[in-house]
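In this note's numbering, the protein residues as written are 1352 to 1433.
Taking it in order: structure first as structure tokens, then the write-up.
The following block contains the structure:
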């Protein structure tokens, strides 16, 4: 995200070591969505280009997080059946 977002948005890069547990992934996800949520970006006075970028990144982030949930679900169903 640090490559597409503007410096004033407040996003700081996250290392892979900060994404080891599910709880830490969720925490970083929430932090990211708060940083680029379309309503928050508008409140901060972003220009039209920044709003567009934030909206697209927000959508992609949601899709990726949902995909991660499905992958983990399938992993546990396939490898740890009841």
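The beta-carbon is built from N, C-alpha and C at its ideal position, and this holds for glycine as well.
Handout entry: Where residue 1432 sits in the DSSP three-state scheme
Key = In the structure shown, the three-state DSSP call for residue 1432 is coil.
Problem - Three-pair Cβ contact test at 8 Å for the region 1387–1406 versus the region 1352–1366 - result: As far as the Cβ criterion goes, the region 1387–1406 touches the region 1352–1366, which means the pair count is three or higher.
Problem - Residue nearest to residue 1374 in terms of C-alpha spacing, selected from 1416, 1433, 1427 and 1431 - result: Of the listed residues, the one whose Cα sits closest to residue 1374 is 1416.
Handout entry: Pick from 1398, 1403 and 1410 that is closest to residue 1314, judged by C-alpha positions
Key = For residue 1314 there is no data in the structure shown, the boundaries of the chain being 1352 and 1433.
Exercise for the section: Out of 1365, 1423, 1433 and 1397, state which residue places its alpha-carbon closest to the alpha-carbon of residue 1382. Expected result: Selected option, being the one with the closest Cα: 1365.
Handout entry: Assigned exposure category for residue 1404 - 16 Cβ within 10 Å defines buried
Key = Label assigned to residue 1404: buried.
Practice task
Helix, strand or coil for residue 1387, going by three-state DSSP, please let me know.
Solution key: In the structure shown, residue 1387 sits in a helix (DSSP, three-state: H, G or I).
Problem - Where residue 1370 sits in the DSSP three-state scheme - result: Correct three-state label for residue 1370: helix.
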